[in-house]
Amino acid sequence: MMNKEEALVVFSGGQDSTTCLFWAKKHFKKVVALSFLYGQKHQKEVELARAISQEAGIEFHVMDVSFIGRLGQNSLTDSSIVMDEAKPEGGFPNTFVPGRNLFFLSIAAVFAREKGINHLVTGVSQTDFSGYPDCRDGFIKSLNVTLNLAMDEQFVIHTPLMWIDKAQTWALADQLGVLELIRTKTLTCYNGVMGDGCGHCPACKLRREGLESYLATKLK
Ligand code: ZN
34 MMNKEEALVV FSGGQDSTTC LFWAKKHFKK VVALSFLYGQ KHQKEVELAR
84 AISQEAGIEF HVMDVSFIGR LGQNSLTDSS IVMDEAKPEG GFPNTFVPGR
134 NLFFLSIAAV FAREKGINHL VTGVSQTDFS GYPDCRDGFI KSLNVTLNLA
184 MDEQFVIHTP LMWIDKAQTW ALADQLGVLE LIRTKTLTCY NGVMGDGCGH
234 CPACKLRREG LESYLATKLK
């Protein structure tokens, strides 16, 4: 029997998935966090994820799926490639790991099923669409159907950030009472700098612009 009161969060220790972790904590009795080692350059994000889970009193697991990084070339896992500072015209940014969310969510579903959990939570967003096709709503809905058919289960994939932008994600963090925690203890930066980050990579820019825009509306 699946437990309707428990959820599994795909958790990287970044701004988005940390917001989702606390969103899940509010909406479910029990939350389990799952992080992936996929050969990313900044493996300390997994340690940050573990620390945040501990602080939040959430059961934490890590799964090593580093073969994903070896399937193709991308700048998140290959230290000889410099990460794109801007999205190239008409192509994928070189931070794109093909099929990453497909793998992560499929593995998370099998893992959740073993624990009798059918609610899955992921921080993907179509709004700040960075060129990653497996962050889009159509893909998530399609995968949800596929997972149910594949395992004859009733998984529900929750995407609390799908239609909100970075400023609204900060607003949600604030509502959940974790704005400062997310601001100081998460890692979003492509250059591996915690908290406010390096300041110039695309992830930092998006994060900072969102925060500034949220704080500006809050002051009004
Ligand atoms: Zn950065």
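Mapping of the sequence shown onto the working numbering: residues 34 to 253, in sequence order. Quick reminder that beta carbons are idealized off the backbone N, C-alpha and C, glycines included. Values in this document were obtained by computation on a predicted structure and should not be read as measured data.
Grab me the residues of residue i's own chain with a C-beta within less than 6 angstroms of its C-beta, minus the 5 sequence neighbours each way, in chain order.
i    : result
R7   : Residue 7 is absent from the structure shown; the chain starts at 34 and stops at 253.
S50  : F44, G156
V98  : F69, Y71
S86  : A66, F93
L135 : D167
T217 : G228
Over the uninterrupted beta strand (DSSP E) stretch that includes residue i, give me the two end residues.
i   : result
M96 : 92–97
Tell me, which residues are paired with residue i by DSSP?
i    : result
R190 : It should be noted that the sequence gives Ile, not Arg, for residue 190. Answer is L153.
K63  : E39
L70  : D97
Return the first residue and the last residue of the alpha helix (DSSP H) that residue i is part of.
i    : result
K174 : 170–184
S158 : First-last for S158: undefined, no H or E at that position.
Q76  : No alpha helix (DSSP H) holds Q76; DSSP gives it neither H nor E.
C237 : 235–252
V143 : 133–147
T219 : Per DSSP, T219 belongs to no alpha helix (DSSP H) and is neither H nor E.
D207 : 199–208
Excluding five sequence neighbours on each side, which residues of the same chain lie with their C-beta closer than 7 angstroms to the C-beta of residue i?
i    : result
K59  : L209
I215 : Q48, T51, T52, A206
A57  : A40, V42, V64, V154
V95  : S68, L70, V79
A141 : L41, V43, L67, L153
Y247 : A200, W203, A204
Got a sec? Which residues, its chain only, sit under 8 angstroms from residue i by beta carbon, not counting five neighbours each side?
i   : result
Q76 : L70
Residue i CB to nearest chain B CB: under 8 angstroms?
i   : result
E92 : Protein chain content of the structure displayed is limited to a single chain, and chain B is not contained in it.
Pocket of the ligand ZN (residues with CB nearer than 6 angstroms to any heavy atom), chain order: Result (chain order): C222, Y223, N224, V226, G230, C231, C234, A236, C237.
Touching by the beta-carbon criterion (3+ pairs, under 8 angstroms), the stretch 197–205 and the stretch 226–244: Yes, the stretch 197–205 is in contact with the stretch 226–244.
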